[in-house]
């Protein structure tokens with residue numbers, strides 16, 4: 001029964017990482033910008049929700065406001081940072097370094113404005129559990145599993161069938177032609193980062209409710225999500241989500257055979273072996289970009 005519970009815990013953790021991976025992949029495949037500051041938006045949105053709840057705001061309202069705040073920060077990041085660097089013909093390396101700088105700023109702003117210490121949501125229901133035979137899930141875990149599936153399916157349908165989604169795909173396919181045909185790629189890039197940032201706020205808040213918050217731990221989450229994105233096939237949203245679950249299950253199950261501190265190393269080791277034999281990832285995407 002221990003292995004089954006570890007497996008389920010891994011699936012739930014993979015769903016949370018999957019949303020980070022999908023949201024990162026969506027922006028990277030569209031713009032080619034390695035948005036390391038995504039981890040900072042992850043942290044900021046979780047702390048915004050925690051602070052609102054601590055000041056008496058109902059959780060659902062705090063959750064919604066955190067998503068809006070994340071979307072706003074993402075939109076402004078594209079407009080005020082990446083777009084200006086692009087106008088200056090900045091190289092991808094410069095863009096990534098600027099993103100790392102923004103990540104550092106966001107993490108330290110969170111630590112200064114809120115607290116650098118580990119904090120938890122003061123919500124009685126966070127400790128409640130749903131039991132299915134020998135399997136137990138906390139309420140936040142159940143929310144993560146359900147919402148992650150809904151969001152990924154909704155994003156894929158939005159990308160394929162909505163007018164804005166098709167416009168985003170057109171810009172992704174050929175940004176230069178999109179500029180000529182007045183598809184306004186700069187506006188599209190800002191909207192995509194806003195959407196991606198709104199999505200990443202969901203696992204940030206719910207994982208914070210389920211576990212705890214600390215300003216400087218989100219980079220490891222992002223690194224795992226990026227590994228899943230590459231292994232799943234850059235630009236493939238289902239591939240990124242599926243590989244996130246696989247990696248998280250491997251990490252969770254490995255705890256039964258080795259010390260927990262080595263489980264992350266196991267995931268990175270598997271990724272290195274995988275990428276040696278299939279560097280293009282498990283699923284190829286028509287709009288995928290090479291790292």
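In UniProt numbering, the protein residues as written are 1 to 291.
For glycine and all other residues, C-beta sits at the position ideal for the given N, C-alpha and C.
Fair warning: this is a prediction, and the values are worked out from it, not measured in the lab.
Buried or exposed by the 16-neighbour rule on C-beta atoms within 10 Å, applied to residue i
i	result
residue 38	buried
residue 215	buried
residue 273	exposed
residue 91	exposed
residue 116	exposed
residue 220	exposed
residue 122	exposed
residue 162	exposed
residue 268	exposed
residue 265	exposed
residue 88	exposed
residue 114	buried
residue 94	exposed
residue 236	buried
residue 239	buried
residue 73	buried
residue 106	buried
residue 222	buried
residue 63	buried
Within 9 Å, strictly: CB atoms of residue i and residue j
i	j	result
residue 82	residue 191	no
residue 44	residue 119	no
residue 28	residue 155	no
residue 18	residue 209	no
residue 245	residue 15	yes
residue 12	residue 145	yes
residue 227	residue 137	no
residue 167	residue 188	yes
residue 135	residue 5	yes
residue 46	residue 213	yes
Own chain partners of residue i with C-beta closer than 6 Å, once the 5 adjacent residues on each side are dropped
i	result
residue 290	Because residue 290 carries a pLDDT of 38, less than 50, the predicted location of this residue cannot be relied on, and no value is offered for it.
residue 67	198 and 201
residue 99	35, 36 and 37
residue 42	200, 204 and 218
residue 71	194, 197 and 198
residue 241	18, 22 and 152
residue 158	165
residue 55	none
residue 143	206
residue 294	The chain is shown from 1 up to 291; residue 294 falls before or after that span and cannot be answered.
residue 128	139
Residue i - partner residues in DSSP beta bridges
i	result
residue 213	119
Own chain, CB closer than 7 Å to residue i, minus 5 neighbours either side, in chain order
i	result
residue 10	248, 249, 251, 252 and 253
residue 102	37, 40, 77 and 81
residue 59	53 and 123
residue 140	126, 206, 209 and 210
residue 225	17, 20, 21, 24 and 244
residue 96	34 and 36
Own chain, CB closer than 8 Å to residue i, minus 5 neighbours either side, in chain order
i	result
residue 175	185
residue 65	48, 49, 52 and 57
residue 149	15
residue 275	230 and 231
Residue i: CB within 8 Å of a non-hydrogen atom of the ligand GDP
i	result
residue 30	No copy of the ligand GDP appears in this structure; indeed no ligand is present at all.
is_contact[residue i, chain D] using C-beta, thresh 9 Å
i	result
residue 66	Absence of chain D from the displayed structure is noted, only one protein chain being present.
Worksheet item: Which runs of the beta strand (DSSP E) fall wholly inside the region 113–199 and span at least 3 residues, in chain order?
Response: As for any beta strand (DSSP E) of minimum length 3 sitting wholly inside the region 113–199, the runs are 129–132 and 135–138, ordered along the chain.
Worksheet item: What runs of the alpha helix (DSSP H), each 4 residues or longer, lie entirely inside the region 33–57?
Response: Qualifying alpha helix (DSSP H) stretches, in chain order: 38–54.
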